[in-house]
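A.B. asks: In the numbering used here, the protein residues as written are 2 to 222. We put the CB at the ideal spot given by N, CA and C, even for glycine. Predicted, not measured: the structure shown is a model, and the values here were computed from it. Mind having a look at this structure? Questions to follow.
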Ligand code: SF4
């Protein structure tokens, strides 16, 4: 940990901001909050703009369907509750079949869908300066992912909500950064853990102990 590590919620064992059944730590972010910022949050979340409607829809779904709906189903309910009609799907090529199934589900639920694959634009990795030897399959044509174009094409279609399906780490960041519509993630890519990245944390004391092998981790660049 850095010497100048600033204490934050990650260091808090009280979590008193949730149910007010404990006490706040000295460094509590809630306690330190500027009252005007709290008021601003309240106004936003109570308001009729998209941020407020999204905040209430998410909270309502959490409470109404807690542990009852899959994320696939929750995404449709969320889209309905914010008045979305057209859903953009930014998909990884490796998840195109799952994206087709998801689109079919959304269409059955009354949504229009538009799917854009990560390889859209077909720009070879060599063209953006990636050496051939670190292609997944050196010597072959291999298009790079194009998350900015995925976002721009969905922006052109004026989608109301975009769903990221299996985009790579970093490609998802670019997609979210350039998407005009709000983005939710259906699948967080993890090629090792069958798209269940949290398994590395659940098993950090056993099968995935390697994530705390400092020497190994220091060598990951
Ligand atoms: S806001 Fe305060 S009480 Fe809540 S987790 Fe952060 S430090 Fe803990």
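Which stretch, first to last residue, makes up the beta strand (DSSP E) that contains residue 185?
C.D. replies: Element bounds for residue 185: 184-188.
A.B. asks: So, helix, strand or coil for residue 67, using DSSP?
C.D. replies: Note: residue 67 maps to coil in three-state DSSP.
A.B. asks: Residue range of the beta strand (DSSP E) that residue 118 falls in?
C.D. replies: From DSSP, the beta strand (DSSP E) with residue 118 extends over 113-118.
A.B. asks: Along the chain, where does the alpha helix (DSSP H) that runs through residue 78 open and close?
C.D. replies: 72-82 is the extent of the alpha helix (DSSP H) around residue 78.
A.B. asks: Tell me the DSSP bridge mates of residue 92?
C.D. replies: According to DSSP, residue 92 bridges with 118 and 166.
A.B. asks: Please determine whether the Cβ atom of residue 30 lies at a distance below 7 Å from any heavy atom of the ligand SF4.
C.D. replies: Indeed, a heavy atom of the ligand SF4 lies less than 7 Å from the Cβ.
A.B. asks: Pick out whichever of 178, 122 and 193 has its Cα sitting closest to the Cα of residue 144.
C.D. replies: The shortest C-alpha separation from residue 144 is found at 122.
A.B. asks: Write down the C-beta distance between residue 189 and residue 162 rounded to the nearest angstrom, noting that I regard them as a contact closer than 8 Å.
C.D. replies: The Cβ separation is near 17 Å, so there is no contact.
A.B. asks: Distance check for residue 198 and residue 99, CA to CA, integer angstroms please.
C.D. replies: So the two alpha carbons sit approximately 18 Å from each other.
A.B. asks: Just to confirm, does residue 16 get its C-beta within under 7 Å of one of the non-hydrogen atoms of the ligand SF4?
C.D. replies: Yes, the ligand SF4 has a heavy atom inside 7 Å of this Cβ.
A.B. asks: If you draw a straight line from the alpha carbon of residue 151 to that of residue 91, how long is it in whole angstroms?
C.D. replies: Approximately 6 Å between the Cα atoms of the pair.
A.B. asks: Would the beta-carbon of residue 26 be found less than 7 Å away from any heavy atom of the ligand SF4?
C.D. replies: For the ligand SF4, at least one heavy atom lies less than 7 Å from the Cβ of residue 26.
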